[in-house]
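Residue numbers (our numbering): 529 to 963. C-beta: ideal position from N, C-alpha, C; glycine also. Worksheet: one structure, shown below.
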Amino acid sequence: MAASGADVPGVMSRGLGRDRGFRRFWAGHTVSQFGDRITELALPLIAVESLDATAGQIAWLTALIWTPNLLAIVLGAWVDQRPDKRRLMIVADVLRAAFLLSLPLAWLLDAVTLIQLYAVAVLAGAAGVLFNTAYPPFFVRLVPREAYVAANSRLSASRSASQVAGPALGGVLVQAVTAPVAVVVDALTFLASALLIGRVPVDEEPRGGAPDGPGVPLLRRAREGLAFVVRHPVLRATLGCAATVNFFTFVAGTGLIVLYARRDLALPPGTIGLALGIGATGALLGALCAPAVSRRLGVGRTIVVGAVLFPAPLALAATAGGPLWLRAGTLAGAEFLSGFGVMLFDVNLNSLQAGVIPDALRSRVAGAYSTINYGIRPLGALTGGALATTFGLRPTLIAAALGGALSALWLLPSPVPSLRTVTGDDAVAEERMRP
Numbered sequence: 529m530a531a532s533g534a535d536v537p538g539v540m541s542r543g544l545g546r547d548r549g550f551r552r553f554w555a556g557h558t559v560s561q562f563g564d565r566i567t568e569l570a571l572p573l574i575a576v577e578s579l580d581a582t583a584g585q586i587a588w589l590t591a592l593i594w595t596p597n598l599l600a601i602v603l604g605a606w607v608d609q610r611p612d613k614r615r616l617m618i619v620a621d622v623l624r625a626a627f628l629l630s631l632p633l634a635w636l637l638d639a640v641t642l643i644q645l646y647a648v649a650v651l652a653g654a655a656g657v658l659f660n661t662a663y664p665p666f667f668v669r670l671v672p673r674e675a676y677v678a679a680n681s682r683l684s685a686s687r688s689a690s691q692v693a694g695p696a697l698g699g700v701l702v703q704a705v706t707a708p709v710a711v712v713v714d715a716l717t718f719l720a721s722a723l724l725i726g727r728v729p730v731d732e733e734p735r736g737g738a739p740d741g742p743g744v745p746l747l748r749r750a751r752e753g754l755a756f757v758v759r760h761p762v763l764r765a766t767l768g769c770a771a772t773v774n775f776f777t778f779v780a781g782t783g784l785i786v787l788y789a790r791r792d793l794a795l796p797p798g799t800i801g802l803a804l805g806i807g808a809t810g811a812l813l814g815a816l817c818a819p820a821v822s823r824r825l826g827v828g829r830t831i832v833v834g835a836v837l838f839p840a841p842l843a844l845a846a847t848a849g850g851p852l853w854l855r856a857g858t859l860a861g862a863e864f865l866s867g868f869g870v871m872l873f874d875v876n877l878n879s880l881q882a883g884v885i886p887d888a889l890r891s892r893v894a895g896a897y898s899t900i901n902y903g904i905r906p907l908g909a910l911t912g913g914a915l916a917t918t919f920g921l922r923p924t925l926i927a928a929a930l931g932g933a934l935s936a937l938w939l940l941p942s943p944v945p946s947l948r949t950v951t952g953d954d955a956v957a958e959e960r961m962r963p
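Next up, the structure:
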């Protein structure tokens, strides 16, 4: 099995909160997450305000951001052969900054086009995939195994905090300095992340088996990553669960939720924003509570609970009715519970994956996982649109809640519910899980 960051001098003795390397990485992650929230608002606004884009063109812009994940399986196989994962993460951050900075430059020259926006979406998305496939082996060299859940909790809390405050910050920034200039802020956050990661002391020499030799074809390595996932009882079950819950939660994606809240519930835009913001606070609380819940229930059972609690509240939202305060409160409560559930799921699942994947396969397994798990999201969104058009918004939300909750069926017959921790205490269980 993979060795952990406990082999890095000082990490064990000081703990995460006092470890300078983790603090730097965490700071870089937090800064870039807030920058991302700004760009999520600014890119569509550039298309709408500067280019008079249609709803269909905005949808394509969103879809293109996810498109590079379809190549993650191949990119992950390539990354696995590179010895310095930290350098690749730095390169990815610098590339994302450069691609984003092309937009304000073109805006100053009055030369922004929709094609450029599409290209930036694809290229920045591809750089993001590079970062994400290099990240897993870097993470396990930085963080000791017994701190996986705590570390993922802190990283997820930063993401949740950015979802609470980031849109408001982005809105103020866009209004104050225009959307293209606001993109500069996100670019600077990526440069800050690159600088901080570059100062993280970490021993990157693999300890879970040497990577394949340079003569092994890229596609063969990619197939090996996918085959490892399919044969491994834990990874196979968790991928099936994650892909299923992603499909159904994208069936009822944010766009349909907003449409439902505005059309069926007749909520004012400000109230809708408040409800979604309350949901983000649920995610923040879930990220902070995930380690405690994991200690109480065990890592595996917490993942099962999160897999149900994440999509199930969509059914609650579908039942909303009555006076304005009750409709708004029901929607806010559903978003809060869903946000709490997704963090129980994500924090513990990411930690479990870090514990069961060998070092030599981390990036290619991450690539295979992302290709399926993220590649299914656009399909879910298209299915949701078709269902809503045919049957209406409320039945679509109920179908998404039911289908998403049933994703836990992937986990129940697997070894996942029996796993208490991701530390050496599970060594016997891990041996049984080897394909």
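Review point. Would you report the Cα separation of L804 and E863, rounded to the nearest angstrom?
Key: 6 Å
Review point. If you compare alpha carbons, which of S578, G556, P886 and L910 is closest to T706?
Key: S578
Practice item. Indicate the three-state DSSP secondary structure (helix, strand or coil) for H557 in the structure shown. Key: helix
Review point. So, helix, strand or coil for A840, using DSSP?
Key: Residue state, collapsed to three classes: coil.
Check your understanding: Considering only the beta carbon of each residue, do V833 and L872 sit closer than 8 Å?
Key -> yes
**Study point:** Segment contact flag, the region 593-601 with the region 709-723, C-beta cutoff 8 Å, min 3 pairs
**Key:** The region 593-601 vs the region 709-723: no contact.
Check your understanding: Would you call the region 657-669 and the region 603-612 in contact, with 3 or more CB pairs under 8 Å?
Key -> yes
**Study point:** Own chain partners of R548 with C-beta closer than 6 Å, once the 5 adjacent residues on each side are dropped
**Key:** Close CB contacts of R548 within its chain, under the 6 Å cut and outside five residues either way in sequence, are absent.
Check your understanding: Whole alpha helix (DSSP H) runs in the region 875-954 with 4 or more residues, listed along the chain?
Key -> 890-903, 905-919 and 921-933
Point to revise | Classification of L787 by the beta-carbon crowding that lies within 10 angstroms, buried from 16 upward | key: exposed
Review point. Residues in its own chain within less than 7 Å of L589 by CB, not counting five upstream and five downstream?
Key: L571, P572, A575, L645, Y646 and A649
Exercise for review: State the CB to CB distance for the pair A808 and S681, rounded to an integer number of angstroms; the pair is presumed to be in contact (CB under 8 Å).
Suggested key: Going by Cβ atoms, the distance from A808 to S681 rounds to 16 Å, so no, they are not a contact pair.
Review point. Could you check where the alpha helix (DSSP H) with R823 kicks off and where it finishes?
Key: P797 to L825
Practice item. Give the secondary structure of R610 by DSSP, where H, G and I count as helix, E and B as strand, and everything else as coil. Key: coil
Check your understanding: Can you round the beta-carbon distance between A625 and A555 to whole angstroms, since I take them to be within the 8 Å contact cut?
Key -> Between A555 and A625 the Cβ distance is about 17 Å, and since that is not below 8 Å, they are no contact.
Point to revise | Buried/exposed call for W853, threshold 16 Cβ in 10 Å | key: exposed
Review point. Are there 16 or more other CB atoms within 10 angstroms of the CB of F919, so buried, or fewer, so exposed?
Key: exposed
Exercise for review: Give a yes or no on whether the C-beta atoms belonging to V728 and L658 are separated by under 8 Å.
Suggested key: In this structure, L658 does not lie closer than 8 Å to V728 by Cβ.
Review point. Taking the continuous alpha helix (DSSP H) assigned at T772, which residues delimit it?
Key: P761 to V779
Check your understanding: In three-state terms, what does DSSP make of V786?
Key -> helix
**Study point:** Span separating the alpha-carbon of R735 from that of Q609
**Key:** Bear in mind that a pLDDT of 49 at R735, under 50, signals an unreliable position, so the model cannot answer this.
Practice item. Closer than 6 Å by C-beta to V640: which residues in its own chain qualify, once you throw out the five before and the five after it? Chain order, please. Key: S578 and A634
Review point. Beta-carbon separation of P894 and L754 under 8 Å?
Key: Note that residue 894 is Ala in the sequence shown, not Pro. Cβ distance not < 8 Å, so A894 and L754 don't count as in contact.
Check your understanding: Roughly how many whole angstroms lie between the Cα atoms of L651 and L623?
Key -> 9 Å
Exercise for review: Ignore the nearest five residues each way along the sequence and tell me which others in P819's own chain have a CB closer than 7 Å to its CB.
Suggested key: V677, A678 and S681
Exercise for review: Measure the alpha-carbon distance for A835 versus V870 and round it to whole angstroms.
Suggested key: Distance between the alpha carbons of A835 and V870: 7 Å.
Check your understanding: For the putative contact between I900 and L767, defined by C-beta atoms under 8 Å, what is the C-beta separation to the nearest angstrom?
Key -> Contact check for I900 and L767: beta-carbon distance about 6 Å, within the 8 Å limit, so the pair qualifies.
Review point. Shortest alpha-carbon distance to A794 belongs to which of L930, S630 and A848?
Key: A848
Exercise for review: Return helix, strand or coil for A848, following the three-state DSSP convention.
Suggested key: coil
Review point. Around the C-beta of I725, are 16 or more other C-beta atoms found within 10 angstroms, so that it is buried, or is it exposed?
Key: With a threshold of 16 other beta carbon atoms within 10 Å, I725 meets it and is buried.
Check your understanding: To the nearest whole angstrom, what separates the beta carbons of A811 and S688, a pair I think is in contact under 8 Å?
Key -> 4 Å
Practice item. Tell me whether V870 sits in a helix, a strand or coil according to DSSP, three-state version. Key: In the structure shown, V870 sits in a helix (DSSP, three-state: H, G or I).
Point to revise | V827 to P761 span [Cα, whole Å] | key: Approximately 16 Å between the Cα atoms of the pair.
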